[in-house]
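Once you know that position 203 of the sequence shown is 203 in the UniProt record's numbering, the rest is easy, because the numbers rise by one and skip nothing. We treat Cβ as the ideally placed atom computed from N, Cα and C, and that holds for glycine. Structure record follows, encoded as structure tokens.
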Amino acid sequence: MEEVLMMRIFFSLALVGLLSFFAHLCNVLLLEPERLRSRLRRQGIRGPPPSILLGNIPQIKLMLSTVPKDPAKEHMGHDCSSTLFPYFKQWTKQYGQLFMFSLGKLQLLYVTDPNVVKAIKVNASLDLGKPAYLQKDRGALLGKGIITTNGAMWIHQRKTIAPELYMDKVKGMLNLMLESGSTLVKSWESRIENEGGLSDIRVDEDVRRYTSYIISKTLFGSSYSEKVEIFPKFSALIEALRSPTLLNGVPGMRYVFF
């Protein structure tokens, strides 16, 4: 009799725990995002209707699939945003310069109105911070620096680096940037000349090295060559974080384990 009673108690507790778990997931994945969208709608902010769990990801994938696979065959201008982010262009036409959209349960506000951007920039509230996924999903890469932290830690870091961004300091880096950029352009010119005046150059790796050189020279001065080896390690870490896993992209998995 006691064993039967204990089994009933065990199954009752297990059922309550399971129901509580699903109620928590329902609140986190469905109710909280809808409450946030409702608050934005009351302020006159609209956006594309999201699907359950995935948000606007299916729409984004559909729009990306319509982009020409070989952009060289299309007219190429200096504004490549419509090719890289066709969904933003489409939604801006539909909803204006201020709209909301969803990536899974994550609600985002897209702002291109200069007046709104200015208002956000001068806002001193610590509640206006960085999204939590920068720490949860990319913490190993980004650490706890100024682009990921909030509150008092962010204030401290901002005050620490502010003197390095004064105009006189930035002007002091101008010659370094010009020198590095000139070297890069000359290497392209030499390659074009060697290939008969026409060359297909993939610039991403060159630009990455250019950026690494400037950062290393600025941070480490004359000993930059000894420190530049850190950048390949950063690249390897980025690739490791980008590698797909079995549970990668499954909505709500961060709430299962944390």
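* **Identified DSSP bridge partners for VAL185** => Beta-bridge pairing links VAL185 to no other residue.
* Asked: Could you check where the alpha helix (DSSP H) with LEU106 kicks off and where it finishes?
  -> That residue, LEU106, is in no alpha helix (DSSP H); its beta strand (DSSP E) goes 106-111.
* To do: Could you name the residues of the same chain whose beta carbon sits closer than 7 Å to that of PRO50, not counting the 5 residues immediately before and after it, in chain order?
  => ASN56, SER102
* **Beta-carbon spacing of PRO86, MET63 below 7 Å** => yes
* To do: Could you check what DSSP says for GLY196 in three-state terms: helix, strand or coil?
  => coil
* Asked: Would PHE258 be called buried (16 or more neighbouring beta carbons within 10 Å of its own) or exposed?
  -> Residue confidence is low: PHE258 scores 44 on pLDDT, short of 50, so the model does not pin down where it sits. No coordinate-derived value is stated.
* Asked: Any idea which residues DSSP pairs PHE99 with across the strands?
  -> TYR110
* To do: In the DSSP assignment, find the unbroken alpha helix (DSSP H) run with THR160 in it and report its ends.
  => 151-161
* GLY55 - partner residues in DSSP beta bridges -> SER51, LEU103
* To do: With a 10 Å radius around its C-beta and 16 neighbouring C-beta atoms as the bar for buried, classify GLN43 as buried or exposed.
  => exposed
* Asked: Buried or exposed: where does THR211 fall if 16 or more other Cβ atoms within 10 Å of its Cβ makes it buried?
  -> exposed
* To do: Select from PRO163, ALA119, LEU84, GLN97 the residue whose C-alpha is nearest the C-alpha of TYR110.
  => GLN97
* **Straight-line Cα distance separating LYS169 from PRO163** => 8 Å
* To do: Could you spell out the range, first to last residue, of the alpha helix (DSSP H) harbouring ASP168?
  => 167-172
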